[in-house]
Every structure is written in structure tokens, then in C-alpha cells.
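Inspection log for the structure reproduced underneath, given as C-alpha cells.
Protein chains in written order, with the numbering used here: chain Z, 1 to 424; chain L, 425 to 837.
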């Protein structure tokens, strides 16, 4: 069992090291962003998934880490001897200090109040940064340049990728090791029953502050990696959409599992990399994906995978294959119908098309390699019919799948429908 | 062992197989427009794409450049600098030669710096950055570099033109109030308002810098303007900060005249209504001041007359088009440095005057139109009967300001 895990881990490591040199510049950059997002999400999930504290202001520590690294980078540019690859350390340190300070206040409250305090604390640097020239460089922010060190010039995207890979692997491994320590167990206990932790003689507030600090430290390292990669940062990094993005990554990936956030960050970062080039409506699609996952798979992608792995000996795979294939077809049909309608709408409602239409030129729209007449009702009704068919198929196939999952055992459905909590 | 051999063989042959393919073909000019195209900032990014595509589509219809069609790719920076940086890297991966952007000074600063660093590290594969709308002074000051060009005005150009024309028209008065947004643009405006006091023979009675796009009620500010007995309020405010300020002024019956930089942003006049009557704006283009040929042609393509940031973009990309005519790479590799040198020497006659590039900091010399909101104009805006009547068109030599001492440009040898 553990041998298999080790093999999978090694295989992933080899792939992560050996493949990127053969990829294009675009993919190297995208993978660097994936790594940074994965570390950010994992650090965030230490607080959210394991500590049970939902922070809406993690952009603050991400940004503080980035600015700390930039200041150090500028010092290095000025002649300070410091190895470029170790620059993110400054982000970790700044994140830790800021996190302990902010965590002390935020963890005085729980639940919604905790979330609101973190939100307010994150707004502080966001409002302050554009005006504080000396520290945050005003509106335009700080910028610097990676200096050559230890025989490497750190000019290429590939070298930055390897720096990010090293830091992310080490930090995620440390965070995983953390869950195995007694303090990691205590973190879970804080989430499940804080009162009991107090009865056992622990100082719950101090423990929560420390968890907050560790999460902020790792977040700061992620921010530092971003600063190292983009060589600048400005007050935008403190904006609430950065905080929201990490929440999105964690929920889509699944907060109940240690590697869930990594999966969510990877999927959504790659999705934005690929989809934002193809369509302006990619944020809509991202929103739809998030909504669907929250509605039908609240444990996230990792939760679904985990449920299948947990039940793998029990499930009648042979009999499930058919209904699963039908469900996949239904899902594809529904997705295809939606995408077609959205893309058509994007074309038809674009300024240039409307301008032409106002002059009576209702030109055909080229989409998916074919041309379509927007004034023909069939152009709109056909994809809607495809969408409806997909939905009908999905609804029909739901019951047989549920029956096969239950397989007569009453308690079996708990594995599929309940959040699988616990690290890994 | 065999696997290692195979892997090594693949590792060696893949790049070698790809290399000859890349060099053989004529190089198409690749232009990246990196703008805010999703989320709340779309309305500021979209016009730049429209303006740039309008010119480039015409170039392509006439045969393109270097024996191939010009490839234009739109990249969505998501309205933030990190997104812009990521998209610039993507554009590099796609083989970009020219980056066009304009809807935010912060993003402009990021892209300009990214381009500078890329060019430092990749000699022979330089990229050009064309700023069509970001007005922060530092972009042609301490952040200036050889591969960055600015085709829009800055605060001194707008304020200088406003003061000069309003003084001549006798509508400026002796008491000027400065109210601006508290970030680089607003600070630049305030400095320009103070700097023009001697030339305009006015006194700056009070200066205010306020939060950007956060104030819901400008009544307290209007009360201060009223108490200061200002004749004219000069402001660089845009979007809601301008609209709400004018509405509060209208509600309180403030008599002071507004001299603005962005009153022609679509929607402003429609929202403000008669409150806007008699207020001034300094912009680079006004269809009323032209023969209207370009305006009508632009409307045919996009559905509206060029306004706000679009004219800068159109004319900036037209200057690029002139530069493309001046160079000939004979279907071979595109030399961006040569293109930049050609761009420095372009003189473009637009509908409103002559524009060219200042070699020292790559700021464009631009004519500025000062207009007043009036009824009964040829091109009314926002479905009202109001529009911008040109008071005077200042040629570019009367609007330019000295090169900033902070600009230290390294030119290619």
C-alpha cells in the first residue's frame, strides 16, 4: 500500500522535473502558476479544512510575502549577497509575523465573525498600499529583477519553474508532515470540538493563533514565489478576488482531503490558462463549474475520487461502466449545448456584430469550424434541445447509479454523500 | 538502460526537429493586445481593442505586412497586474513583436517593465510596447525605455490646454479649485494645476485628493468648493467620481465651471444631463472638429463614433502603420529595433492635427481639443441633445511639456 503510494509520488516527481523542458514557454509559465496556486491553496486549507477557520482575507499574507521578497530582491540588485533561489524565505518570514499578529485578533472569534475579521484585516493593506510609496511603491507597485546567482542567471521561465517546483514540493511536504504531528492532530481537534480542547488543558487561542501563523507563513512563501516569477507586485495583489480565488480552488478541489486543494488549484489554473485564450466568457464557465460542484459534489473533485477509491472493492465496476458512460454522454451533451449557446451569444452581442446588424447585415457566425445563421431559430433551438436531452439522460441515469452504489448495503451511501474528513 | 537511451534520443531529436521549421517561413508580425476584457474593468479595456482592431483590419485588408497578414491576439489580463504579467509571458510564448495596452497605469507600468526586462535578457528578440491610454507621468519618466512608446496625453498636456483656452475665452476666472483622486494620476493632475497657476494667472484656492471610486456622496466636497468661492474646478476624475461630483454640484446649485479630462467617457453626459452644460473637457479628438469621415467610417464598423480613449488608440496604431510602411524586412525576420527607430520618425496628420514622437522619452506630441458641453451640436452623445462643441484645437507644439529629468533612455547602438 505505502509502496504503491511511494511509487506514484516518485512518478509524479519525475514527470514534474523531466517534462517541462520539452514544453513551450506558455506551458512552463502556466505550470509555474499552477505550482504557486497549489502551495497557496494547501496553505490556506491548513486553516480552512484542518483548522476549521474560513478566512476571507488570505490575499493579505500572499501580498505581504510578495512585497517582502521584492524588497529583498531590490537589496540583492543593490549588491546584497543572497542566493536568488532562497528569496522566498523572506516571504515566509513576513507572512509568519503578519499572520501571528492578525491571527491573534481574528481567532478571538469563530465562524462568520472570524471570516469578517480576516476580511477587514485584508482590506487594510489593500487600502493602504496605493498611498504608501515607500513600502508598497504606490499605485504602480514595486519591481525588481532576478539577479544571477550560484552560476545560474534566473532569466528563463524554466529556471523559475524549477525554483517554484522545489519550494512547492518542500512546503507541501512540510505541511503534510505537520498533519502527522501531535500539533497537527490538535489542529483537527480545534475544528471538531474546540471546547473539548480547552477542557483538556490546551490554550485554544494560542494554538489557533499558531495555526493561523503557519498558514500565513506558507501563504507568504507562495506570494514570494509569485514575486520572484513576475518580478513585480502592486496593491492589486491584496484585492478581495485573490482571497476569493483561493477559496474557490480549495472548494472545487475538496477541502476535506490534504491533496484536494492541489487538485483544485491545478484544474482551475489550467482551466483559466486554456479557456481565457479561447473565450471571453471563461469566468462564466468557471462560475458554472463551481456552482455544479457545490450542488452535486460538495466534497470537491478529490472527495469524489476518494469515495470511489474507498469503495473500490465493493463497487460492481462491470455493471457501473455502462451507466457511467451514459452519464458521461449526458454530461457532454448538456455541456456542448450550453457552450454553443454561450459562444453564439458572445458573438451576436459583440459590439462589432451589433454594429453590422444595426445596418441590416446579419452575417453568419463562424463557430466550431462551421457557419451558423443567427436569425434562424434552429440555430438556437437545436443546441437547447441537445442541452435538454443531456439533462434528461443525466436525470434518468442517476437512479441506476445510486442503486449500484448502494448495492443492498444500507450504510454504503455514506461514503459517497458525506464529506470525507481527515488528512489524506 | 534501454529506456534511458530512448529518452535521451527523444530529448535530442524533438528540439532539433522543431528548429528548422521555425526558421524557414516568412515571419508574420504578431501584435498582442493585453487588456481588461472580463470583469468590472471590461468597459475600459474593450474600446482599446476596438480602436486597434479597426486600424489593423484595414492594414490586413491592404495585404498586411512582411508578406503576411498581421496576427492580432487579444489577451485578457483580468484587470490586474499579475494577470497582465502572465498574459505577457503567454504572448512571448506565442512569438509576439508588439504589445498594445492602455486602460490602466498600474498595468501599463507592469507591462512596460516586463518588456524592458525581456529585452535586456533576450537580445535580438526584442518586443515593443505601445501605451495607448495610460497617463501616469512616470511611464515616460523613471520607467521610460527605448522600447516603450506613449500615444496619449498626460496631466500637464490636458491641464495646460484647458487653462490656455479657458483663459482666452474668459471663462477660467482667478480662483481655481483642484479636486482629484488620490493616486498617481490625481497627484499628477494636482501638480499640473499648481504648475499652470502662473501662466493662467489664477490662484489655486484649495486642493483635495480623495479616495478612488469609493465616495458615494460628494456634497461635503461641493460645500467646500462653494465656501472657497471657486470660479473653476479642475479635476482629473473619471467614471463615478466625476459623475457623482457633477451631480452633487448640480444639486447644490454650484456656479463654478468644471474643467475635466474625462467628461467624454460614454454615459457621463447621459447621466449628468443639463448639469453638464457649459463644462469643459480637454481631449485628443472631437468629431465636431473634423470633417467626420473617420467618425462615420468607425461607426460603420463598431456602431458608435470614436470617443474617450478610442481616438488615441486609433491614431497610435496608425502611427505604427506608418512606421511599418517605412521599413522593409523583405519577408525575413522582423527587427523590432529598426521598427522602433522608424516609429520615432513618423509624422502623422490626423483629423485634428499633426502628431509625432519625442525621441528623448517616446512621449507623443499630440494636438489637444478643448471642448464645451452645449446643446445643438452635430454629434450629440448618449441619446441626449447635448454634445461637445470644440472651442479650440491646440496644435501639438503648444501642448507639449518638457522631458522629465528622471527619464534616462538607453538607445540601441
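For glycine and all other residues, C-beta sits at the position ideal for the given N, C-alpha and C.
Three-state secondary structure (DSSP) of residue i
| i | result |
| --- | --- |
| residue 448 of chain L | At residue 448 of chain L, the pLDDT of 46 sits below 50, so the modelled position is not reliable and the matter cannot be decided from this model. |
| residue 542 of chain L | helix |
| residue 654 of chain L | coil |
| residue 782 of chain L | coil |
| residue 813 of chain L | strand |
| residue 769 of chain L | coil |
| residue 114 of chain Z | helix |
| residue 144 of chain Z | coil |
| residue 634 of chain L | strand |
| residue 710 of chain L | coil |
| residue 20 of chain Z | helix |
| residue 609 of chain L | helix |
| residue 603 of chain L | strand |
| residue 456 of chain L | strand |
| residue 799 of chain L | strand |
| residue 498 of chain L | strand |
Residue-chain proximity (residue i, chain Z), Cβ-Cβ < 8 angstroms
| i | result |
| --- | --- |
| residue 795 of chain L | no |
| residue 517 of chain L | yes |
| residue 535 of chain L | no |
| residue 828 of chain L | no |
| residue 504 of chain L | yes |
| residue 450 of chain L | no |
| residue 787 of chain L | no |
| residue 606 of chain L | yes |
| residue 547 of chain L | no |
| residue 483 of chain L | no |
Nearest neighbour of residue i, chosen from the options [CA to CA]
| i | options | result |
| --- | --- | --- |
| residue 638 of chain L | L:668, L:786, L:734 and L:804 | L:668 |
| residue 575 of chain L | L:584, L:700, L:551 and L:532 | L:532 |
| residue 192 of chain Z | Z:208, Z:270 and Z:407 | Z:208 |
| residue 824 of chain L | L:779, L:705, L:802 and L:803 | L:779 |
| residue 235 of chain Z | Z:60, Z:32 and Z:342 | Z:60 |
| residue 48 of chain Z | Z:10, Z:92, Z:114 and Z:7 | Z:114 |
| residue 813 of chain L | L:797, L:807 and L:510 | L:797 |
| residue 66 of chain Z | Z:216, Z:323, Z:394 and Z:268 | Z:216 |
| residue 85 of chain Z | Z:377, Z:150, Z:117 and Z:395 | Z:150 |
| residue 816 of chain L | L:790, L:786 and L:593 | L:593 |
| residue 54 of chain Z | Z:404, Z:91 and Z:246 | Z:246 |
| residue 732 of chain L | L:774, L:685, L:770 and L:750 | L:685 |
| residue 568 of chain L | L:653, L:536, L:542 and L:498 | L:536 |
Below-8 angstroms beta-carbon distance, residue i vs any chain L residue
| i | result |
| --- | --- |
| residue 131 of chain Z | yes |
| residue 139 of chain Z | yes |
| residue 74 of chain Z | no |
| residue 157 of chain Z | yes |
| residue 231 of chain Z | yes |
| residue 315 of chain Z | no |
| residue 280 of chain Z | yes |
| residue 393 of chain Z | no |
| residue 41 of chain Z | no |
| residue 239 of chain Z | yes |
| residue 223 of chain Z | no |
Same chain only: Cβ atoms within 7 angstroms of residue i, ignoring 5 sequence neighbours per side
| i | result |
| --- | --- |
| residue 678 of chain L | 646, 649 and 650 |
| residue 783 of chain L | 768 |
| residue 119 of chain Z | 56 and 57 |
| residue 381 of chain Z | none |
| residue 466 of chain L | 460 |
Contacts around residue i, its chain only, beta-carbon distance under 8 angstroms, and the 5 residues preceding and following it disregarded
| i | result |
| --- | --- |
| residue 340 of chain Z | 367, 368, 383 and 386 |
| residue 609 of chain L | 529, 559, 560, 579 and 660 |
| residue 446 of chain L | Any reading at residue 446 of chain L must be qualified, since the residue scores a pLDDT of 44, below 50, and its modelled position is unreliable; no value is offered. |
| residue 448 of chain L | Its pLDDT being 46, under 50, residue 448 of chain L is placed unreliably by the model, and nothing is read from it. |
Exposure of residue i, with buried meaning 16 or more beta-carbon neighbours within 10 Å
| i | result |
| --- | --- |
| residue 744 of chain L | buried |
| residue 799 of chain L | exposed |
| residue 781 of chain L | buried |
| residue 132 of chain Z | exposed |
| residue 748 of chain L | buried |
Cβ shell of residue i (< 6 angstroms), same chain only, five flanking positions each side left out
| i | result |
| --- | --- |
| residue 260 of chain Z | 253, 254, 300 and 302 |
| residue 434 of chain L | In this prediction, residue 434 of chain L scores a pLDDT of 49, lower than 50, which makes its location untrustworthy; no coordinate-derived value is stated. |
| residue 82 of chain Z | 76 |
| residue 597 of chain L | 655 and 656 |
Residue-chain proximity (residue i, chain C), Cβ-Cβ < 8 angstroms
| i | result |
| --- | --- |
| residue 346 of chain Z | Among the protein chains in the structure shown, which are Z and L, there is no chain C. |
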